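Enquirer: This structure is in C-alpha coordinates; I'll ask about it shortly.
Numbering (our numbering), first residue to last: 86 to 171.
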(Lines of atoms letter the chains of each structure in order from A; the text may use other names.)
(Lines give C-alpha, C1' and ligand atoms only; values in the text may rest on other atoms or scores of the structure.)
Protein backbone atom coordinates (compact mmCIF):
# COMPACT_ATOMS: atom_id res chain seq x y z
CA UNK A 86 0.00 0.00 0.00
CA UNK A 87 1.24 3.49 -0.85
CA UNK A 88 1.95 6.09 1.76
CA UNK A 89 0.03 9.37 1.73
CA UNK A 90 3.20 11.05 0.46
CA UNK A 91 3.40 8.66 -2.51
CA UNK A 92 -0.30 9.09 -3.27
CA UNK A 93 -0.06 12.87 -3.21
CA UNK A 94 3.16 12.85 -5.25
CA UNK A 95 1.37 10.76 -7.90
CA UNK A 96 -1.48 13.27 -7.85
CA UNK A 97 0.93 16.17 -8.30
CA UNK A 98 2.60 14.43 -11.25
CA UNK A 99 -0.77 13.67 -12.83
CA UNK A 100 -2.12 17.20 -12.35
CA UNK A 101 1.14 18.71 -13.63
CA UNK A 102 0.68 16.72 -16.84
CA UNK A 103 -2.99 17.75 -16.94
CA UNK A 104 -2.30 21.48 -16.74
CA UNK A 105 0.53 21.12 -19.27
CA UNK A 106 -1.91 20.15 -22.02
CA UNK A 107 -3.55 17.16 -23.63
CA UNK A 108 -0.43 15.95 -25.46
CA UNK A 109 1.68 15.78 -22.32
CA UNK A 110 -1.19 14.27 -20.33
CA UNK A 111 -1.72 11.57 -22.95
CA UNK A 112 2.00 10.76 -23.05
CA UNK A 113 2.21 10.64 -19.25
CA UNK A 114 -0.80 8.33 -18.92
CA UNK A 115 0.51 6.06 -21.71
CA UNK A 116 3.91 5.85 -20.02
CA UNK A 117 2.34 5.01 -16.66
CA UNK A 118 0.17 2.31 -18.27
CA UNK A 119 3.26 0.74 -19.87
CA UNK A 120 4.92 0.65 -16.45
CA UNK A 121 1.83 -0.71 -14.70
CA UNK A 122 -1.43 -1.84 -16.34
CA UNK A 123 -3.32 -0.78 -13.18
CA UNK A 124 -1.94 2.76 -13.41
CA UNK A 125 -5.34 4.38 -14.00
CA UNK A 126 -6.45 3.40 -10.51
CA UNK A 127 -3.24 4.78 -8.98
CA UNK A 128 -3.64 8.04 -10.93
CA UNK A 129 -7.23 8.47 -9.77
CA UNK A 130 -6.22 7.69 -6.21
CA UNK A 131 -3.35 10.17 -6.38
CA UNK A 132 -5.54 12.90 -7.84
CA UNK A 133 -8.16 12.28 -5.14
CA UNK A 134 -5.51 12.40 -2.40
CA UNK A 135 -4.13 15.68 -3.77
CA UNK A 136 -7.61 17.19 -4.07
CA UNK A 137 -8.44 16.15 -0.51
CA UNK A 138 -5.25 17.76 0.78
CA UNK A 139 -5.92 20.98 -1.13
CA UNK A 140 -9.56 21.04 -0.02
CA UNK A 141 -8.52 20.64 3.61
CA UNK A 142 -5.96 23.45 3.21
CA UNK A 143 -8.46 25.86 1.64
CA UNK A 144 -11.04 25.06 4.31
CA UNK A 145 -8.54 25.77 7.05
CA UNK A 146 -7.44 29.04 5.40
CA UNK A 147 -10.97 30.32 4.74
CA UNK A 148 -12.74 29.06 7.84
CA UNK A 149 -15.33 27.36 5.63
CA UNK A 150 -16.20 23.69 5.75
CA UNK A 151 -14.96 21.38 3.05
CA UNK A 152 -18.58 20.81 2.04
CA UNK A 153 -19.17 24.56 1.64
CA UNK A 154 -16.13 24.85 -0.61
CA UNK A 155 -17.26 21.91 -2.74
CA UNK A 156 -20.72 23.47 -3.09
CA UNK A 157 -19.18 26.80 -4.13
CA UNK A 158 -17.03 25.04 -6.72
CA UNK A 159 -20.04 23.17 -8.08
CA UNK A 160 -22.10 26.36 -8.34
CA UNK A 161 -19.23 28.26 -9.96
CA UNK A 162 -18.61 25.50 -12.49
CA UNK A 163 -22.32 25.33 -13.30
CA UNK A 164 -22.48 29.12 -13.84
CA UNK A 165 -19.39 28.98 -16.07
CA UNK A 166 -20.90 26.20 -18.18
CA UNK A 167 -24.15 28.12 -18.50
CA UNK A 168 -22.28 31.25 -19.63
CA UNK A 169 -19.72 29.72 -21.93
CA UNK A 170 -21.11 26.31 -22.79
CA UNK A 171 -17.83 24.55 -21.92
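All C-beta atoms, glycine included, are put in the ideal place defined by N, C-alpha and C. Since this is a predicted model, take the numbers as computed values, not measurements.
#1: Contact defined as beta carbons within less than 8 Å: I believe residue 93 pairs with residue 125. What is the distance between those atoms, to the nearest angstrom?
#2: So, at 8 Å on beta carbons, what are the nonlocal neighbours of residue 87 in its own chain, with the 5 sequence-adjacent residues on each side left out?
#3: So, are the CB atoms of residue 151 and residue 141 less than 8 Å apart?
#4: Which value, in whole angstroms, describes the spacing of the CA atoms of residue 102 and residue 118?
#5: If you run the structure through DSSP and keep just helix, strand and coil, what is residue 132?
#6: According to DSSP, simplified to helix, strand and coil, what is residue 91?
#7: For residue 159 and residue 107, what's the separation of their Cα atoms in angstroms?
Expert: The structure says:
#1: That pair is no contact at about 18 Å.
#2: 95, 127 and 130
#3: yes
#4: 14 Å
#5: helix
#6: helix
#7: For residue 159 and residue 107, the distance between alpha carbons rounds to 23 Å.
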